[in-house]
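Numbering (the working numbering), first residue to last: 6 to 221. The block underneath contains the structure these notes are about, expressed in structure tokens.
Here it is in structure tokens:
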């Protein structure tokens with residue numbers, strides 16, 4: 006008998022779950038809970054059928070600045086009775102330094118960015134990441150680039166699909182983060198909030214950030 010998963014996309018949680026019959030090679034249900042500060046502070050949940058062999062699970066995070074972060078918890082469930090309520094709630098963004106540092110920058114609208122300082126890594130982010138890709142919404146594709154701290158699991162991301170954006174990462178390079186320096190050259194970096202509308206004014210913006218993940 007085919008597996009049935011709940012399907013939903015919502016701003017905060019899934020209140021109206023719709024049953025979805027999975028098709029091959031989908032063999033599991035995926036539940037993704039996400040929190041970001043790419044603009045305003047946003048949270049969202051995504052549920053659907055998934056191919057467990059092509060899905061990333063666990064805690065995935067990028068930190069491109071003190072106020073520019075994405076944190077995602079992705080879980081796979083092999084039974085059809087799982088739901089967002091049965092998974093752990095999202096982690097709050099950690100601001101506890103872990104003694105590591107990375108060059109940091111964030112450049113929406115560009116294909117590269119140059120760091121002018123180091124970001125002190127926090128929580129479980131022990132990798133320095135260089136990320137290049139595109140952000141797609143409503144048929145409009147915006148290039149973006151970022152450098153900063155990342156969790157090891159996030160380094161495997163190639164595609165993130167969301168109810169609002171589709172992130173297509175063409176290049177993700179990670180290396181172990183070095184220990185933070187005590188000199189004044191190491192500081193906490195912060196960039197102002199970014200919205201897609203600041204680059205494409207006529208594209209409506211709504212940021213519940215509902216993400217599904219897959220490896221392509």
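Ideal placement from N, C-alpha and C gives every residue a C-beta, glycine not left out. Everything numeric in this text was worked out from a predicted model, so none of it was measured.
Measuring only the C-alpha atoms, how far is residue i from residue j?
i: residue 174; j: residue 160; result: 10 Å
i: residue 11; j: residue 28; result: 14 Å
i: residue 13; j: residue 187; result: 47 Å
i: residue 77; j: residue 65; result: 5 Å
i: residue 129; j: residue 9; result: 34 Å
i: residue 31; j: residue 144; result: 27 Å
i: residue 153; j: residue 110; result: 7 Å
i: residue 107; j: residue 63; result: 22 Å
i: residue 113; j: residue 47; result: 18 Å
i: residue 150; j: residue 67; result: 12 Å
i: residue 43; j: residue 165; result: 15 Å
i: residue 115; j: residue 148; result: 5 Å
i: residue 157; j: residue 131; result: 7 Å
i: residue 51; j: residue 121; result: 36 Å
i: residue 54; j: residue 7; result: 11 Å
i: residue 69; j: residue 163; result: 17 Å
i: residue 72; j: residue 101; result: 14 Å
i: residue 138; j: residue 56; result: 24 Å
i: residue 61; j: residue 49; result: 17 Å
i: residue 58; j: residue 127; result: 30 Å
When DSSP builds the beta bridges, which residues end up paired with residue i?
i: residue 7; result: Its beta-bridge partners do not exist; DSSP assigns none.
i: residue 136; result: 151, 177
i: residue 125; result: 106
i: residue 163; result: DSSP, once it has assigned bridges, lists no residue as partnering residue 163.
i: residue 78; result: 38, 64
i: residue 130; result: Paired residues: none, contrary to the question.
i: residue 112; result: 150
i: residue 24; result: 11
i: residue 101; result: None, per the DSSP bridge assignment.
Taking its Cβ as the centre, do 16 or more other Cβ atoms sit within 10 Å of residue i, making it buried, or is it exposed?
i: residue 23; result: exposed
i: residue 195; result: Reliability of the predicted coordinates at residue 195 is poor, the pLDDT of 44 falling under 50, and the value obtained from them is presented with this limitation in mind. Answer is exposed; the Cβ neighbour count stays below 16.
i: residue 190; result: Its pLDDT being 48, under 50, residue 190 is placed unreliably in this model, and the value from its coordinates should be taken loosely. When all chains shown are included, residue 190 counts as exposed.
i: residue 38; result: buried
i: residue 180; result: exposed
i: residue 26; result: exposed
i: residue 146; result: exposed
i: residue 79; result: buried
i: residue 41; result: buried
i: residue 84; result: exposed
Looking at the secondary structure, which residues open and close the beta strand (DSSP E) in which residue i lies?
i: residue 31; result: That residue, residue 31, is in no beta strand (DSSP E); it is neither H nor E in DSSP.
i: residue 84; result: First-last for residue 84: undefined, no H or E at that position.
i: residue 65; result: 63-70
i: residue 55; result: 47-55
Return the Cβ separation of residue i and residue j in integer angstroms, given the expectation that the two are a contact with Cβ distance under 8 Å.
i: residue 141; j: residue 177; result: Contact doesn't hold; Cβ gap of about 17 Å is too wide.
i: residue 155; j: residue 134; result: 4 Å
i: residue 124; j: residue 183; result: Not a contact, Cβ separation roughly 12 Å.
i: residue 34; j: residue 82; result: 5 Å
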